[in-house]
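So the sequence shown is residues 0 to 276, counted in numbering that gives the first Met the number 0. Every residue gets a Cβ at the ideal spot worked out from N, C-alpha and C, and that includes glycine.
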Amino acid sequence: MRQRTASRHDAATPSTPAGHRGRGRRVAKAIGLGAFAVVVLVAVGFFTWAKLPMSATASSLRAVADDPRVAVTDRPDLVVMRPAQTEALDQGLVFVAGARVDPQAYEEVLSGLVATGVTVVIERPVLGFGLFDWRGLDHFTAAAPEVTNWAVGGHSLGGVRACGYAADDPSVDGLVLFGSYCATTDLSGDDDLPVLSLSGSDDGLSTPDDVERYRDMLPADATMVEIGGSSHAQFGSYGEQSGDGTPALTDEEARARIDRELTSFFATVGDGAPAGG
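Structure follows, in structure tokens:
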């Protein structure tokens with residue numbers, strides 16, 4: 000009888016994991032590449048979204064350009080507004096734009112203050128978010144070295160960043176909040192810091208309840224002003240904003256109220272002397 004000769008296949012181990020390991024590595028690599036692609040797409044989408052700000056309205060830019068009381072210098076990192084007809088006071092405001100809002104959208108609402116002699120520097124935040132901006136306050140105050148009494152302020156998330164400036168720099172002479180609150184910074188113990196908090200009764204983003212919830216983060220004598228009928232977007236000039244309330248005031252009425260409160264507040268900031276005087 001003919002004996003069966005064992006083949007190499009018969010002698011080998013019945014099943015080897017090498018093939019499975021190869022397939023496993025390929026699957027893991029594919030998953031890793033897929034996850035990386037998702038991260039890249041999310042990052043690209045975020046950066047694209049962040050770099051497409053809510054633009055200033057054409058009418059507001061035109062109004063400021065035609066205002067002989069105000070001189071505007073637009074730089075890549077900031078906007079400087081100086082009084083053109085009134086003697087400049089020794090007072091300034093570094094203002095942080097709200098998230099993804101064009102800094103020039105605040106020119107019109109701040110022009111009345113500038114006309115009284117106060118210099119305003121509006122920050123262009125990194126990636127459109129003040130919370131991502133690592134630059135110190137001195138980067139912005141250096142744009143107007145003639146000013147020595149500086150307040151800080153901001154709108155929405157820009158106001159949160161301004162609270163941080165006020166906490167980190169003891170030379171800050173005042174804090175102005177537009178539809179904002181100190182969400183992460185406790186200034187309640189700084190009794191020497193004048194604070195003006197302007198909020199809107201119809202603000203759908205920084206709601207009156209939000210402002211009240213964080214009231215204890217501000218000094219006890221902070222000036223809290225709720226503008227009846229005003230919305231979140233009316234603290235700038237960039238049109239309607241998703242999630243906001245419907246204002247009962249016109250934009251002109253809201254700006255007039257903001258201007259009145261700002262002018263009154265700045266009488267308490269620093270010494271109010273002419274710059275260089």
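According to DSSP, residues forming a beta bridge with residue i
i	result
V117	None; V117 has no bridge partner.
F94	I121 and G152
S236	For S236, which the question treats as bridged, DSSP gives no partner whatsoever.
E106	Answer is none; E106 lacks a bridge partner.
M287	Examination of residue 287 is not possible in this model, given that the chain is present from 0 through 276 alone.
V159	Bridge partners of V159: none, in fact.
V100	M53
P273	L88
Cβ-Cβ separation, residue j to residue i (assumed contact under 8 angstroms), whole Å
i	j	result
S196	L217	7 angstroms
P92	G152	The sequence shown places Leu at residue 92, not Pro. That belief holds up - the Cβ atoms of L92 and G152 are roughly 6 angstroms apart, short of 8 angstroms.
E239	A247	Between A247 and E239 the Cβ distance is about 15 angstroms, and since that is not below 8 angstroms, they are no contact.
H138	V100	Actually they do not touch by this definition, with Cβ atoms about 20 angstroms apart.
Residue i Cβ short of 7 angstroms to the ligand FAD heavy atom set
i	result
A57	Although the ligand FAD was asked about, the structure shown includes no ligands whatsoever.
Same chain, Cβ closer than 7 angstroms to residue i, neighbours up to 5 away in sequence not counted
i	result
P273	E86, A87, L88 and D89
A182	V159 and Y213
D172	N148, W149, A150, V268 and G269
D215	S187
E260	L195, L197 and V224
Residue span of the beta strand (DSSP E) that contains residue i, given as start and end
i	result
D73	V69 to D73
V78	L77 to P82
F177	G173 to F177
Extent of the continuous alpha helix (DSSP H) run through residue i
i	result
V210	P207 to R212
S196	Segment V194 to G199 is the beta strand (DSSP E) holding S196; no alpha helix (DSSP H) there.
E252	D250 to F264
A64	A57 to A64
D137	L136 to T140
Residues of its chain near residue i, where Cβ-Cβ distance is below 6 angstroms and the 5 sequence neighbours each way are ignored
i	result
F264	L195
G157	V95, A96, G97 and G129
F45	The predicted position of F45 is uncertain, since its pLDDT is 35 and thus under 50; no value can be drawn from it.
D258	G111
S59	E107 and S236
Proximity below 8 angstroms, CB of residue i to CB of residue j
i	j	result
E106	V63	yes
T245	S230	yes
Y164	S205	no
T118	M80	yes
A55	S236	yes
G290	D243	It is not possible to answer for residue 290, since the shown part of the chain is limited to 0 through 276.
L192	L176	no
A104	V120	no
A253	I226	yes
L136	D168	yes
T115	T222	no
Same chain only: Cβ atoms within 8 angstroms of residue i, ignoring 5 sequence neighbours per side
i	result
A70	M80, R81, P82 and A83
P75	R123
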